[in-house]
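*Asks:* Below are the structure tokens for one structure; questions will follow.
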Amino acid sequence: MAPPVFAKKVCCDPYQKHRKPVTLNLRVIVAFDKEKNPGLIVGSYICDNCRKISEGLDCSSIELPKKHHGPSGSGQSSNSGQSQPKDVCCNPFKLHSNAIYKGLRRINDSDRIRCEKLNWNVGQFWCDTCRKHDSSSAQSKTSVGSDDNIEEFDETSIKDLGLADLFAEISGELAAEKSEPNSQEIVAVAGTSQSSDSCSPTLSPVVRTESSKRKLTSLGVGPLVLTGVKSQAGIAAVTKRKIDEAMDLVQKKVCVAAGITVEDLPQPPEARKAQDHDLLMNDIKEKLLSATRFEKYQLLSLVPLSWSVNAAAQFFGVGRTLIKNTRELRIQKGILPGRDFTRKSSVLDSTRLLIKDFYCSDENSKALPGVRDCVSVSKGVYEQKRLLLCDVAELYESFKKAYPDLKVGLSTFYALRPKWCVFAGGAGTHEQCICQTHQNFKLILYALNIKIHYSELIKLCVCNIEDRCCMLKLCENCPSLEQVQETIRRQIQVPEQLQFEHEEFEFLEGTIKFRQWKSTDKTEMLVQICKRSELIELAAKKLNDLIPHSFIAYSQACYVKKMREDLPQDKVVVNMDFSMNYSCLVQGAVQSYHWSPKQVTVHPTVIY
Numbered sequence: 012m013a014p015p016v017f018a019k020k021v022c023c024d025p026y027q028k029h030r031k032p033v034t035l036n037l038r039v040i041v042a043f044d045k046e047k048n049p050g051l052i053v054g055s056y057i058c059d060n061c062r063k064i065s066e067g068l069d070c071s072s073i074e075l076p077k078k079h080h081g082p083s084g085s086g087q088s089s090n091s092g093q094s095q096p097k098d099v100c101c102n103p104f105k106l107h108s109n110a111i112y113k114g115l116r117r118i119n120d121s122d123r124i125r126c127e128k129l130n131w132n133v134g135q136f137w138c139d140t141c142r143k144h145d146s147s148s149a150q151s152k153t154s155v156g157s158d159d160n161i162e163e164f165d166e167t168s169i170k171d172l173g174l175a176d177l178f179a180e181i182s183g184e185l186a187a188e189k190s191e192p193n194s195q196e197i198v199a200v201a202g203t204s205q206s207s208d209s210c211s212p213t214l215s216p217v218v219r220t221e222s223s224k225r226k227l228t229s230l231g232v233g234p235l236v237l238t239g240v241k242s243q244a245g246i247a248a249v250t251k252r253k254i255d256e257a258m259d260l261v262q263k264k265v266c267v268a269a270g271i272t273v274e275d276l277p278q279p280p281e282a283r284k285a286q287d288h289d290l291l292m293n294d295i296k297e298k299l300l301s302a303t304r305f306e307k308y309q310l311l312s313l314v315p316l317s318w319s320v321n322a323a324a325q326f327f328g329v330g331r332t333l334i335k336n337t338r339e340l341r342i343q344k345g346i347l348p349g350r351d352f353t354r355k356s357s358v359l360d361s362t363r364l365l366i367k368d369f370y371c372s373d374e375n376s377k378a379l380p381g382v383r384d385c386v387s388v389s390k391g392v393y394e395q396k397r398l399l400l401c402d403v404a405e406l407y408e409s410f411k412k413a414y415p416d417l418k419v420g421l422s423t424f425y426a427l428r429p430k431w432c433v434f435a436g437g438a439g440t441h442e443q444c445i446c447q448t449h450q451n452f453k454l455i456l457y458a459l460n461i462k463i464h465y466s467e468l469i470k471l472c473v474c475n476i477e478d479r480c481c482m483l484k485l486c487e488n489c490p491s492l493e494q495v496q497e498t499i500r501r502q503i504q505v506p507e508q509l510q511f512e513h514e515e516f517e518f519l520e521g522t523i524k525f526r527q528w529k530s531t532d533k534t535e536m537l538v539q540i541c542k543r544s545e546l547i548e549l550a551a552k553k554l555n556d557l558i559p560h561s562f563i564a565y566s567q568a569c570y571v572k573k574m575r576e577d578l579p580q581d582k583v584v585v586n587m588d589f590s591m592n593y594s595c596l597v598q599g600a601v602q603s604y605h606w607s608p609k610q611v612t613v614h615p616t617v618i619y
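Numbering (my numbering), first residue to last: 12 to 619.
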């Protein structure tokens with residue numbers, strides 16, 4: 012008999028305890044409730060009070076009222092207050108929890124002959140879902156009955172049979188008759204009937220959930236608990252774990268029935284592929300320890316994109332930025348990206364070494380004396396800082412004059428500057444112990460606003476800078492003092508607004524301020540004031556004194572350098588210099604000792 016159809020969800024009131032329809036705290040009656048109380052109807056609703064009465068009474072001895080739908084009566088509930096509509100599905104297979112009004116067709120005698128459950132429903136209506144369910148049931152019966160060797164199973168017994176009992180029956184049959192050929196087919200048919208009844212999409216969600224819980228319990232697996240899980244990803248993860256647990260338990264039971272262990276089963280291809288994947292990831296992790304940065308990009312491009320950035324960085328022990336950059340590179344170039352073409356430097360190693368030696372020569376730089384004046388060039392390797400005596404542009408001009416055949420640009424020459432060759436400006440990098448003759452002439456050129464180097468002026472004031480007589484002022488053909496003054500006057504940058512001779516004369520007769528180093532009892536820099544014409548005459552005299560002085564200093568430096576480079580085995584070169592005086596402090600000294608302390612002079616010596 013079909014369950015009653017209500018306009019709203021109300022309690023079916025199986026024990027006639029309600030005076031009015033109850034619509035709160037309802038639950039759908041499932042097959043498990045019917046087993047405990049045969050008087051209940053699957054698919055109807057029952058409230059909490061009736062459910063408590065059902066749990067506390069022996070329902071087998073209770074007779075339901077005649078007006079209540081159940082095994083003992085076919086009337087309609089008196090508490091519903093409504094009658095069943097004419098055009099509604101009678102729900103012969105207990106598939107619906109609500110009334111169905113669409114897709115109806117009247118049940119005739121041919122339908123009753125085909126399906127025994129329709130004996131009491133001739134003339135009523137049934138929907139498309141019930142008709143499809145009747146067709147699928149008829150096909151399953153035909154497939155089971157076509158084989159004469161298969162034992163006929165009762166449909167109700169198959170539906171009520173739990174999976175645990177089914178596997179127990181299979182184990183007994185396999186142990187008794189392992190050669191029976193049709194046992195597996197029986198299992199397949201039973202499983203199909205079971206799944207089609209309990210997991211059919213036409214059943215209500217509550218009925219399907221309760222049936223699935225019972226089957227998991229019969230297998231020995233705990234129920235699927237989704238309390239507190241809200242996201243779809245969380246629900247999928249919990250469901251996957253429950254499926255794996257059920258599959259492992261079924262695998263163990265079947266192996267026990269067959270008399271083998273789980274280890275004896277052949278490894279599936281998916282598990283073998285997963286194992287190979289883990290081995291590959293471990294090999295990549297070991298290779299990363301000794302790989303270069305470019306090789307790290309190539310190796311990490313093989314990591315699956317399904318891994319999160321944090322998981323990949325933690326597994327391989329690298330930074331998150333490296334993982335992100337690798338994935339961006341993989342999107343652009345794919346896995347194992349190749350190195351972009353980079354132009355190889357055309358500078359030879361011999362040229363690099365030559366430029367390095369040129370920077371470190373004593374003519375172009377000098378070593379700083381401080382213990383802390385050093386630079387770390389590599390792990391455990393330190394180089395003493397060297398102060399460049401001029402800027403890079405002047406050094407480049409000197410290098411091109413010394414090696415005119417080498418094709419090296421200014422930018423390359425600057426880039427190849429050693430790390431320990433520094434410029435003046437930092438703490439401890441100021442120039443000291445400068446020659447007074449050279450420095451005084453440089454100060455005069457600065458005051459006269461002459462931009463060319465003093466070495467260029469020397470070339471203009473002698474016949475040949477390579478000739479010893481010219482450089483020592485012994486040549487009679489070299490320019491005289493008046494000619495040197497005229498040469499210096501032409502190098503002065505005169506303001507553009509001076510257009511007449513009298514203006515230029517006034518400019519030369521104007522006063523000018525300059526600085527000079529003077530040595531009497533002590534050496535100090537003095538500020539002097541004179542006419543510009545008088546300073547030009549002084550510059551000419553200073554230049555005549557500078558030319559032989561510079562030639563002698565250059566000749567001595569070249570001679571010492573040549574001696575060091577071609578030093579015989581039985582000779583040494585000793586270079587001694589004055590460093591500075593150190594004051595000696597005395598513990599508990601009186602106040603007047605500050606003005607006359609003892610001093611210690613340090614003379615550094617270098618022996619080649």
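Heads up, the beta-carbon is just placed ideally off N, CA and C, and yes, glycines get one too.
On the DSSP bridge list, what partners appear for R117?
*Replies:* F136
*Asks:* Mark P25 as exposed unless 16 or more other C-beta atoms lie within 10 angstroms of its C-beta, in which case mark it buried.
*Replies:* buried
*Asks:* On the DSSP bridge assignment, give the partners of H387 in chain order.
*Replies:* Residue identity differs from the one stated: residue 387 is Ser in this sequence, not His. DSSP, once it has assigned bridges, lists Y393 as partnering S387.
*Asks:* Can you check which of these residues, C489, M574, E520 and K453, is closest to K553 by C-alpha distance?
*Replies:* K453
*Asks:* Over the uninterrupted beta strand (DSSP E) stretch that includes A378, give me the two end residues.
*Replies:* S376 to A378 is the extent of the beta strand (DSSP E) around A378.
*Asks:* Taking all protein chains shown into account, decide if T303 is buried (16 or more other Cβ within 10 angstroms of its Cβ) or exposed.
*Replies:* exposed
*Asks:* Provide the residue span of the beta strand (DSSP E) that contains K45, from first to last.
*Replies:* Taken as a continuous stretch (DSSP letters only), K45 belongs to no beta strand (DSSP E), being part of the alpha helix (DSSP H) at A42 to K47.
*Asks:* Quick test of the definition: if touching needs 3 or more C-beta pairs under 8 angstroms, does the segment 412-423 touch the segment 459-467?
*Replies:* no
*Asks:* May I ask you to report which of helix, strand or coil DSSP gives C481?
*Replies:* helix
*Asks:* Tell me whether H614 is buried or exposed, calling it buried when 16 or more other Cβ atoms sit within 10 Å of its Cβ.
*Replies:* exposed
*Asks:* Can you name, in chain order, every residue of its own chain whose Cβ lies under 7 angstroms from the Cβ of A378, other than the five neighbours on each side?
*Replies:* Q395 and R397
*Asks:* Would C480 and C486 qualify as a contact pair, given that the criterion is a beta-carbon distance under 8 angstroms?
*Replies:* Going by C-beta atoms, C480 is nearer than 8 angstroms to C486.
*Asks:* With a threshold of 16 other CB atoms inside 10 Å of the CB of Q325, please say whether the residue is buried or exposed.
*Replies:* exposed
*Asks:* Considering only DSSP beta bridges, list what Q610 is partnered with.
*Replies:* S594
*Asks:* Any idea what DSSP makes of R350, helix, strand or coil?
*Replies:* coil
*Asks:* Given L237, which residues of its chain have a CB within under 7 angstroms of its CB, disregarding the five upstream and five downstream residues?
*Replies:* Non-local beta-carbon contacts of L237 in its own chain, meaning distances under 7 angstroms to residues more than five positions away in sequence, involve I246 and V249 in chain order.
*Asks:* Go through its chain and collect everything with a Cβ distance to T337's Cβ below 7 angstroms, but skip five positions before and after it.
*Replies:* Y308, L311 and S312
*Asks:* Looking only at C-alpha atoms, which of E520, L260, K524 and D59 sits nearest to G233?
*Replies:* L260
*Asks:* Out of R38, I40, V21 and R383, state which residue places its alpha-carbon closest to the alpha-carbon of K31.
*Replies:* V21
*Asks:* Whole-angstrom Cβ separation of F562 and Q539, contact assumed at under 8 angstroms?
*Replies:* Going by Cβ atoms, the distance from F562 to Q539 rounds to 28 angstroms, so no, they are not a contact pair.
*Asks:* Between the Cα of Q580 and those of V495, L291, Y619 and L519, spot the shortest distance and give me the residue it belongs to.
*Replies:* Y619
*Asks:* For W528, which residues does DSSP report across the bridge?
*Replies:* M536
*Asks:* Please classify Y308: does DSSP put it in a helix, a strand, or coil?
*Replies:* helix
*Asks:* Helix, strand or coil for A435, going by three-state DSSP, please let me know.
*Replies:* A435 sits in a strand when the DSSP states are folded into three classes.
*Asks:* Which value, in whole angstroms, describes the spacing of the CA atoms of H288 and A244?
*Replies:* 24 angstroms
*Asks:* What residues match up with K542 in a beta bridge as DSSP calls it?
*Replies:* T522
*Asks:* Alpha carbons only, please: which of F434, W318 and G330 is nearest the one belonging to Y370?
*Replies:* F434
*Asks:* On a CA-only basis, which of R38, F327, L316 and Q27 is nearest G345? Give me that one, please.
*Replies:* L316
*Asks:* Buried or exposed for C569, going by 16 or more other Cβ atoms inside 10 Å?
*Replies:* exposed
*Asks:* Put N586 into one of helix, strand or coil per three-state DSSP.
*Replies:* strand
*Asks:* Could you tell me how far apart the beta carbons of A550 and L459 are, in whole angstroms, since I believe they sit closer than 8 angstroms?
*Replies:* 7 angstroms
*Asks:* Quick check on DSSP: helix, strand or coil for C100?
*Replies:* strand
*Asks:* In three-state terms, what does DSSP make of I620?
*Replies:* A query on residue 620 cannot be resolved here, the shown segment of the chain reaching from 12 to 619 and no further.
*Asks:* Using alpha carbons as the reference points, say which of N375, G391 and K430 lies closest to Y407.
*Replies:* Closest by alpha carbon: N375.
*Asks:* Taking DSSP as the reference, what is the three-state secondary structure of L260?
*Replies:* helix
*Asks:* If we ignore side chains and look at the alpha-carbon of each, how far apart do N321 and R252 end up?
*Replies:* 23 angstroms
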